[in-house]
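**Q**
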Amino acid sequence: MLNIHLVPCLQDNYAYLVHEPSSNAVAIVDPSEAPPVFAALEKHKLTLTHILNTHHHFDHTGGNLPLKEKTGAKIIGPKADADRIPGIDLGLGEGDTLTFGNATARVFDIPAHTKGHIAFWFEADKAVFTGDTMFAMGCGRLFEGTPAQMWSSLSKLATLPPDTRVYCGHEYTLSNGRFALSLEPHNQALKKRMVEVERRRAEGEPTIPTTIGLERETNPFLRPTSAELRKSLGMESADVVAVFAETRHRKDNF
Ligand code: ZN
Ligand code: FE
C-alpha cells in the first residue's frame, strides 16, 4: 500500500509525497517549490525517484528542476503539454499506465483548466491526484478550455468508486464550500460537511483528502442535475453543460 504525505507549499498549494514501501519508489506530485519537498524527504528518510506533474502551471512544476538536479528523479507529466513541463522525461495521456515501484497508476486526460492536464489514479490504493481540475467542493478555472470540456473531465473523475480518496492541488475548500452553500442552502450533506471544514480550518488542519462520494454529494460542479441548484440559478430546464457553465461563471464572480 502507498503512504501518502501532504506537503504544504507556497500559500495554499499541496504537493504529495507518495511512498511505495515494497520497492522504495518515492514520488512527489505537483511540487510548487523544492525546499518543503526536501524537508519532507528528510523527515521521512526517503529518496526521491519520481516527479509527477498534473499540469504545467508554475505552482505545480516550480520545484521540478532543483529536485531533479539534486536527486535524478524522473519527471512525468501530460503528453499534451510536454513542451511546457520543465525537465520532462516522459509524457503520458488517456489510457496510459504508470508503473511506480510495485504500484500502478492509470492516467486520464482531464483538460480545460489547461490544454494538457492529467490525473493519476492508483486504483488498488483508492487514490486519485486531480491537480487543478477537481477541488474539494470546487473545480479549476477554465483558462485553456470550454465548459463542455471541463464537464467531461469532471465526469470522468466522478465515475471512479465513491471511496476513492481525492488529492487535489489547493486548499480552497472553505471558500468553495461557502459558494456551494449559496446555491444549495438546504443540501444536508453540504451543511454537515461545512461544519467539519470550518472546524478543521480554524485549527489549521488540511481538509484534504476528500472522496469521490463526498464530492458527488456536495460539489456544485458535479451537481448540475440538482433541483435546488437549478432553481437557485433560474435554470430549471437547461441542459447540464449550460448549468455547469453558469455555475462556473458565478464562482468566477463570487
Ligand atoms: Zn493550475
Ligand atoms: Fe494551481
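Each position in the sequence shown, counted from 1, maps to that position plus 185 in the working numbering.
Cβ atoms here follow ideal geometry from the backbone N, Cα and C, with glycine treated the same way.
Which residue wins for smallest C-alpha separation from Glu431, given the options Leu368, Ala212 and Ser217?
**A** Leu368
**Q** Spatial neighbours of Ala365 within its chain, please: C-beta separation below 6 Å, excluding the five flanking residues on both sides.
**A** Met322, Leu375 and Pro405
**Q** List the DSSP bridge partners of Trp306.
**A** Arg291 and Val313
**Q** Should the segment 234-248 be called in touch with the segment 309-328, which here means at least 3 C-beta pairs below 8 Å?
**A** yes
**Q** Please classify Arg384: is it buried, with 16 or more other beta-carbons within 10 angstroms of its beta-carbon, or exposed?
**A** exposed
**Q** Please enumerate, following chain order, all residues with a beta carbon closer than 5 Å to at least one heavy atom belonging to ligand 1.
**A** His242 and Asp317
**Q** Please report the distance separating the alpha-carbon of His235 from that of Val203.
**A** 9 Å
**Q** Going straight from the alpha carbon of Trp336 to that of Glu205, what length do you get?
**A** Trp336 and Glu205: Cα-Cα distance of roughly 32 Å.
**Q** Leaving out the 5 sequence neighbours to the left and right, which residues in its chain are closer than 6 Å to Ala297 when beta-carbon positions are compared?
**A** Leu327, Gly330, Gln334, Met335 and Ser338
**Q** So if DSSP puts Glu205 in a beta bridge, which residue, or which two residues, is it bridged to?
**A** Ala210
**Q** With three or more beta-carbon pairs closer than 8 Å as the criterion, would you say the segment 409-419 touches the segment 345-355?
**A** no
**Q** Quick one, which of Tyr352, His371, Met379 and Gln373 has its alpha-carbon nearest Asn361's?
**A** Met379
**Q** Sorry if obvious, but does the Cβ on His355 come closer than 8 Å to a heavy atom of ligand 2?
**A** Taking 8 Å as the cut-off, the C-beta of His355 counts as close to a heavy atom of ligand 2.
**Q** Based on Cα-Cα distance, which residue from Arg435, Val426, Asp437 and Asn287 lies nearest to Ala212?
**A** Asn287
**Q** Since I believe Asn188 is in contact with His355 (beta carbons under 8 Å), could you give me their beta-carbon distance rounded to a whole number of angstroms?
**A** Contact doesn't hold; Cβ gap of about 22 Å is too wide.
**Q** Helix, strand or coil: which one does DSSP assign to Phe223?
**A** helix
**Q** Just the Cα atoms here: how many angstroms apart are Ile260 and Lys228?
**A** 22 Å
**Q** Tell me whether Asn361 counts as near ligand 2, meaning its Cβ is closer than 8 Å to at least one heavy atom of that ligand.
**A** no
**Q** Identify whether Asn188 lies in helix, strand or coil by the three-state DSSP scheme.
**A** Asn188 carries a strand assignment under DSSP once its states are collapsed to helix, strand and coil.
**Q** Starting from Lys259, follow the beta strand (DSSP E) in both directions and report where the run begins and ends.
**A** Lys259 to Pro263
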